[in-house]
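Accompanying notes for the structure given below.
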Amino acid sequence: MPNTNSAATPPVPDYLRDTYTWAYLDHRTVPWLDQPVVVSAILWGNASRLMNAAVREFSAGQRVLQAAAVYGDFSQRLARRLGGDGQLTVLDVASIQIANTRRKLAPWPASSAHVADLTEPVGTTFDAVCCFFLLHEVPPHARQRIVSNLLNAVEPGGKIVFVDYHRPRGWHPMRPIMALVFRYLEPFANSLLAESIDSLVPETAGFEWTKETFFGGLYQKVVGVRR
9 MPNTNSAATP PVPDYLRDTY TWAYLDHRTV PWLDQPVVVS AILWGNASRL MNAAVREFSA
69 GQRVLQAAAV YGDFSQRLAR RLGGDGQLTV LDVASIQIAN TRRKLAPWPA SSAHVADLTE
129 PVGTTFDAVC CFFLLHEVPP HARQRIVSNL LNAVEPGGKI VFVDYHRPRG WHPMRPIMAL
189 VFRYLEPFAN SLLAESIDSL VPETAGFEWT KETFFGGLYQ KVVGVRR
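Pasting the structure below:
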């Protein structure tokens, strides 16, 4: 199991509390934002497509780490994919998100969710790791530490899957709208768009990488297989 000592629950990072309290830490908004129809609207109708693209990268019976809670039914889809012989472990730094994830994963007793700070080493390894729309929500210094820790949590021959925003093509009709979203609601996103996930930290050199974009380049799936 990861390092998840409940006696040493990590504090909520300043960037999360200062920027995303309304989205992830407020008991009034979490139930509303967790609705699949809201998640679909936020991703311009692409939520199910992107979730399925990520989930297909994993196989029944695997031990998978999900980096951070995800709104909607993503965790349920992933747990269902892994099946009764698989094991899904979800780590998130916010207690409210872990409580919400545990509720959603109740039908899958082999799955678990724990409060943990992903900027710290995970403490164990997995067959595979999934990071779904987390990297754009953390500042660059935290992003690099998170990616390093997630890569180190992948066993030899294992896989890591990142799904996140990507710089849309110049003709994309949503480009002006997304520029406003990134400016006012997602202040760390532009720093991710300026980088390539597959070369973000030195540890990426130990993986073979493939990349696929969706919806005119607005979203990306980056998959690494550890040598």
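Okay, so the sequence shown: first residue is 9 according to this note's numbering, each after it adds one. Every residue gets a Cβ at the ideal spot worked out from N, C-alpha and C, and that includes glycine. This one's a predicted model, so the numbers in the text were calculated from it and none came from an experiment.
Tell me whether residue i is buried or exposed, calling it buried when 16 or more other Cβ atoms sit within 10 Å of its Cβ.
i	result
A136	buried
P176	buried
G165	exposed
D26	exposed
S6	Because the chain in this structure spans residues 9 to 235, residue 6 falls outside the shown range and cannot be described.
R191	exposed
I want to see whether chain B comes within less than 8 angstroms of residue i, judged by CB atoms only; does it?
i	result
H35	The displayed structure is made up of one protein chain only, and chain B is not part of it.
Kindly indicate which three-state DSSP category residue i falls into: helix, strand or coil?
i	result
W116	coil
V155	helix
H144	helix
D26	helix
Y32	helix
S81	Before going on, a small fix: residue 81 reads as Asp here, not Ser. The answer is coil: DSSP assigns D81 none of H, G, I, E or B.
Alpha carbons only, please: which of the options is nearest the one belonging to residue i?
i	options	result
V209	E216, F141, L159	L159
A150	D22, T17, F222	D22
L239	G131, V47, L188, T17	Lying outside 9 to 235, the shown extent of the chain, residue 239 is not represented and no answer is given.
E163	L51, R235, P39, L200	R235
Once you ignore the five residues that flank residue i on each side, which residues in its own chain have a CB closer than 7 angstroms to its CB?
i	result
T221	H174, Y227, Q228
Q105	Y32, A77
Using a Cβ-Cβ cutoff of less than 6 angstroms, which residues in the same chain neighbour residue i once the five nearest sequence positions on both sides are dropped?
i	result
F223	N54
So, for residue i: in the same chain, excluding its five sequence neighbours on each side, which residues have a beta-carbon less than 8 angstroms away from its beta-carbon?
i	result
A102	V20, L24, Y32, L33, A77, V123
A61	V171, E220, F222, K229
Would you mind stating whether residue i and residue j have Cβ atoms separated by less than 8 angstroms?
i	j	result
V230	F170	yes
S48	S56	yes
Y79	D125	no
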